[in-house]
Amino acid sequence: MKKLLLILFLFAANGAYAQKVGLVLSGGGAKGLAHIGVLKALEENNIPIDYIAGTSMGGVVGAMYAAGYSPKEIEYIALSSDFQNWVSGKYTSDYSYFFKKKEDNPSFITAKLQIDTGFNFRFRSNLVNDIPLNFALLELLGQASANAKNNFNKLFVPYRCVVADVLSQKAIVMKEGSLVEAVRGTFTVPLVYRPIKVEEKYVFDGGLYNNFPVDVMKKEFAPDVIIGSNVSSKTFNTYPKDIDEKLMNKFLMYLFLSKTDSTAIGENGVYIQPDLTNYTATNFTPVEELIKKGYDATIAELEKINAKVGRRASEEKVKEERKAFVAKNPYFTFKNIRISGVSGKRKQYVQSLFKNMNDDLSLRDVKRAYYKLLGDDNFETVYPKINYLPAENTYEFELIVQPEKNFRIDFGGAVSNRPVGTAFIGLQYNFLRRQSYTLSANFYTGRFHESAQGAFRIDIPKKAPFYLESELTYNHWNFFQSSQLFLEDAKPTFLEQSDSRFIQNIGFSTGKSAKTLIFGGVLSNTNNYSPIDNFITGADLDKTNFNGFTAGIKYQRDKLNRKQYASKGNKLFAGFSYVNGTEKYYPGDVFKDEPIYPSLKPQKNDRQWFVAKISSEKYSPISRKYSIGYQFEGVYSNRPDFSSYKSNLLYASPFYPLSDSKTLFLESLRADKYLSAGIKNVYSATRHLDFRLEGYIFQPYQEIRRSGLQATNYGDALSSRSFIFTGAAVYHSPVGPIALNFNYYDDKPKNFGVFFHIGYLIYNKRALEL
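Heads up: the sequence shown is residues -18 to -1, 1 to 752, going by mature numbering (1 follows the signal peptide of the UniProt record, and there is no 0).
Here's what the structure looks like:
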């Protein structure tokens, strides 16, 4: 009898010791970040986690824990700016390929259409760019998948996730294969991310059919205790009377998240439901708050958890086991790059984009290759994969390429409290043969500025890649109609300009964020203007034409985080141009009542000169919210005198320090030789709201001065200078910056101004602009 009791006691003790705990994490979009807090609370309180099953965001968080990341490490990643870029589809310029980048324009909406051989159009279905997410998952989970030999039972914690095959309308439980692809599949929200192929099936977010996979946990692992964390609830207690726009914007989330059954856990389980009433499934910004909600909800249920889970796993022991697992992760060394999805000339084109494809490559090398290919508009649909080669203890990096003949339409522009707003439309068509070809056109229209540009570009993928581009541009500017509003002592100055140019560019890559252009072409420039400050109604205006050719070279490097109102990064420009042509001057009758009038005659003069320019802009972070930037610009030109004082100003080099500077004709900020410097203080109150305080000094070598009515003389060297200041509040919205500027220009007729605009103030380059 004593022996029997001893056996029973040992059996019971062994059963308690062998008690297994499964953790189930629901889907719920951004609200799934609360699961990180659940993991933190469980681990801090020595609750063991023997199995994990998750869907959607629960699948992502669970996979990271199963791959050997601690809750603190997962929290650190989720709080990073990189995470926000992954979920929003944005990515920084560190790996973007500036050589492929087109000139900035004011677009804020892009519609991408795919054109098949029958010239049928179809829009892309995904709303969020998955480029940064795809590579991030590869970086984070690829080594653990290789370590486990693609067997999810051999991860640090055995793991399952659910994906949905929408064609067969079935849920698929992922238990083996690439962990990267399984997680990418379970997170593929319909219409938001592109579906991927898993087991030869295109799959979407598992929340379509199983958002809280308790049944999967029971069937796959049969644990003694199940802890379920649910962050999703789409059921309304009362049907809303008014379906407002805010509710309709959540439609997709309500569509794919199936109803959660809290009773599925059973009696021997603990159900955790964080209070996320005021949070949405689409807002990933309040990461810290969401994690705390999950943590607090778990602590509130800790007494129940302790009552059901008798076994303990000390943090120190878990840390040691995690360290041992991670130590076995095969190091990221890539044997070669494999291209699939294309063949023939197209494959040759892709291969020619990369050098030394068969050498040993680092993760940094393949990341650069990935973003380099994505810089080509012909290859937006590129999916990265890694294949572990155990015999060689290395990896193969695979790029699955789906080239498209795609047509792109950009919409943009700006509205303002002054009549300088524009509407913008851009068109682009890409096609691929042995080389990459791009046809593009853009159009601006507005009272102040009208423009049209067409370009044809051929990218030639040699070991030292380069491109040939032909560009035809026409601009028209009307400064009278942009007369100032909210400016003190504003005087209407009439100036109407038009120019056109045909330029041939040859561009070379000189670094991942830089390029060098050699250019040459012909240009034409016409200026109609009043030779005095005031416009006289009915008068014939002076007219200056310049026709000629230009050639030169310029170097550009751009790593700024925004195309306007930047707060991070740096930018460098250096250029040289030579201009040769003929100036034709036609005097008007503004001076018909002056003694000078009989002496004013049309003139024709040959002119030639060169311009050298260098400019630099850089921002340095002082704290998490505050950064300070500087801007430097220098110009040197030997431009000869033109026929009148006003025409000398028109052809002198301008300085444009502020967002609205190109919309103003500021005489004090024009010179043939000058240096300028500026300081920019940027305080980021939130992720989207900046406050800026900037100041600049413009130092011409010699000021261009009026002598009499038409003649020109020059001031003494360094005898005068101008100051510019601005204070601004800028909200970075999906349609571009919404900015309120309080500006001061050291230009007497127009000293102070209030300038408000929505959208980007970016224009096609002028004929003589470097």
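Just so you know, even glycine gets a beta-carbon here, dropped at the ideal spot from N, CA and C.
- Per DSSP, the unbroken alpha helix (DSSP H) holding K22 starts and ends at A16 to E26.
- Inclusion of G19 and T280 in the CB contact set at 8 Å is warranted, their separation being smaller than that value.
- E599 and V664 have their C-alpha atoms some 14 Å from each other.
- For the pair of segments examined, the segment 530 to 542 was found to touch the segment 554 to 561: the number of CB pairs separated by less than 8 Å reaches three.
- Note that the segment 653 to 663 does not touch the segment 474 to 492; fewer than 3 beta-carbon pairs, one per stretch, sit closer than 8 Å.
- Secondary structure note for N630: it is in no beta strand (DSSP E), and the uninterrupted alpha helix (DSSP H) holding it is Y627 to Y633.
- The Cβ atoms of V402 and F379 do not sit closer than 8 Å to each other.
- Listed in chain order, the alpha helix (DSSP H) runs fully inside the segment 279 to 363 are 284 to 290, 297 to 309, 326 to 334 and 345 to 356, counting runs of at least 4 residues.
- Straight across, the Cα-Cα distance linking K317 with Y377 is about 6 Å.
- In the displayed model, E182 falls within coil according to three-state DSSP, outside both helix and strand.
- Membership of P719 in the beta strand (DSSP E) is indicated by the continuous run G718 to Y727.
- Take D86, set aside five residues on each side of it, and the residues of its chain with a beta-carbon closer than 7 Å to its own are K545 and I744, in chain order.
- Going by beta carbons, D728 and S689 fall outside the 8 Å limit.
- For F448, the CB contacts under 7 Å within the same chain, skipping 5 residues up- and downstream, are I442, I488, G489 and F490 in chain order.
- S689: not part of any alpha helix (DSSP H); member of the beta strand (DSSP E) spanning I686 to S689, first to last residue.
- The Cβ neighbour count for L671, taken over all protein chains shown within 10 Å, is under 16; the residue is labelled exposed.
- Around the beta carbon of I254, a 10 Å sphere encloses 16 or more other beta carbons of the protein chains shown; the residue is thus reported as buried.
- For N695, the uninterrupted beta strand (DSSP E) segment begins and ends at A693 to Y696.
- Rounded to the nearest angstrom, the gap between the Cα atoms of S452 and R483 is 11 Å.
- Rounded to whole angstroms, S334 and N360 show a C-alpha spacing of 15 Å.
- Contact between the segment 420 to 430 and the segment 112 to 120 is absent: fewer than 3 CB-CB pairs across the two stretches fall below 8 Å.
- If you draw a straight line from the Cα of Y353 to the Cα of R346, it comes to about 11 Å.
- The beta carbon of F573 is closer than 8 Å to those of P513, Y579, L582, L691 and Q692 in its chain, skipping five residues each way along the sequence.
- Every beta strand (DSSP E) of 3 residues or more that sits fully in the segment 110 to 176 is shown, in chain order, as 141 to 147 and 152 to 156.
- Inter-residue distance for A282 and L355 is about 50 Å (C-alpha atoms, whole angstroms).
- Nearest to Y175 by C-alpha distance, out of Q435, S602, Y696 and G71, is G71.
- The beta carbons of I740 and V207 sit no closer together than 8 Å.
- Looking at the DSSP output, P366 bridges to L381.
- Contact fails between the segment 301 to 308 and the segment 361 to 370, because fewer than three Cβ pairs, one in each stretch, are under 8 Å apart.
- By the neighbour-count criterion, in which 16 or more other beta carbons inside 10 Å mark a residue as buried, I604 falls on the exposed side.
- In the three-state reduction of the DSSP assignment, T498 falls in the strand class, which pools E and B.
- Beta-bridge annotation (DSSP): G503 is paired with I485 and T532.
- Take the alpha-carbon of N527 and the one of S325: they are about 53 Å apart.
- Counting C-beta pairs with one atom in each stretch, the segment 197 to 205 and the segment 44 to 59 have fewer than three that are closer than 8 Å, which means they do not touch.
- G14 counts as buried, since no fewer than 16 other beta carbons sit within 10 angstroms of its beta carbon.
- Closest in alpha carbon position to G10, among S214, C143, P140 and S619, is S214.
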